[in-house]
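Each residue of the sequence shown is one higher than the last, beginning at 76 in the numbering used here.
Structure record follows, encoded as structure tokens.
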Amino acid sequence: AEMAIEDVFLARNPMAALKLGQARGAAICAGVNGELTLAEYPARLVKQTVVGIGGAAKGQVQHMVGVLLNLNGEPIAEDAADALAIALCHAHARTQPAVQRGTSRRRRAVRWK
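As structure tokens, then:
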């Protein structure tokens, strides 16, 4: 079984960054304890994979997730669209190994074992 999460990013609000770090740590710990293969993807790579633009806006991600998953125009919450975009990126990376072989840390997924 596998699990994919978004890589760390810089937050403007220190408290938000702390809470996000705690949530990520708990998710990673749960995945490792559950013997899942974890993959982390930078936000820019997720957006590039799903939208085609690494700097895509949230609305663009929401729209493309709906299109790719054939949700027939049903509204998708931002957080749900982000989670689904990460899943789509991971699915793409599994079928397109070049996503894993990026030339820099920012361009490739990180796997936890």
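Just so it is clear, CB atoms sit at the ideal spot from N, CA and C, and this is done for glycine as well.
Opening and closing residue of the alpha helix (DSSP H) in which residue 120 lies: Position 45 of the sequence shown, counted from the start, is the residue given in the question as residue 120. Here the alpha helix (DSSP H) through residue 120 covers 118-125.
Does the count of Cβ pairs from the segment 126-137 and the segment 153-168 closer than 8 angstroms reach three? Yes, the segment 126-137 touches the segment 153-168.
Would you please state the rounded distance, in angstroms, between the beta carbons of residue 105 and residue 95? I believe it to be under 8 angstroms. Translated into positions along the sequence shown, residue 105 becomes position 30. Translated into positions along the sequence shown, residue 95 becomes position 20. Contact flag wrong, Cβ pair sits at about 16 angstroms.
Output needed for residue 126: all residues of its chain with C-beta closer than 7 angstroms, excluding positions within five of it in sequence on either side, in chain order. Counting from one through the sequence shown, the residue named residue 126 turns up at place 51. Within the same chain, residue 126 has close Cβ partners 135, 136, 139.
If residue 155 and residue 111 are in contact, beta carbons under 8 angstroms, what's the gap, nearest whole angstrom? Translated into the one-based positions of the sequence shown, residue 155 becomes position 80. Translated into the one-based positions of the sequence shown, residue 111 becomes position 36. Contact between residue 155 and residue 111 is ruled out by a C-beta separation of about 21 angstroms, above the 8 angstroms threshold.
Along the alpha helix (DSSP H) that carries residue 79, what are the first and last residues, could you check? Counting from one through the sequence shown, the residue named residue 79 turns up at place 4. Note, residue 79: premise wrong, no alpha helix (DSSP H); beta strand (DSSP E) at 77-81.
Which ranges would you report for the alpha helix (DSSP H) in the segment 134-175 if only whole runs of at least 4 residues count? Complete alpha helix (DSSP H) runs here, min 4: 153-170.
Residue 182 (DSSP reduced to helix, strand or coil): The sequence position of residue 182 within the sequence shown is 107, counting from 1. Because residue 182 sits at a pLDDT of 44, beneath the cut-off of 50, its placement in the model cannot be relied upon, and the following sentence gives the value as read from the coordinates. Secondary structure of residue 182 (DSSP, three-state): helix.
Between the beta-carbon of residue 79 and the beta-carbon of residue 165, is there less than 8 angstroms? Position 4 of the sequence shown holds residue 79. Position 90 of the sequence shown holds residue 165. Against a cut-off of 8 angstroms, the Cβ pair of residue 165 and residue 79 comes out as a contact.
If you drop the 5 nearest sequence neighbours on each side, which residues of the same chain put their C-beta closer than 8 angstroms to that of residue 143? Within the sequence shown, the letter at position 68 stands for residue 143. Taking C-beta separations shorter than 8 angstroms and ignoring five residues to either side along the sequence, the partners of residue 143 in its chain run 125, 163, following chain order.
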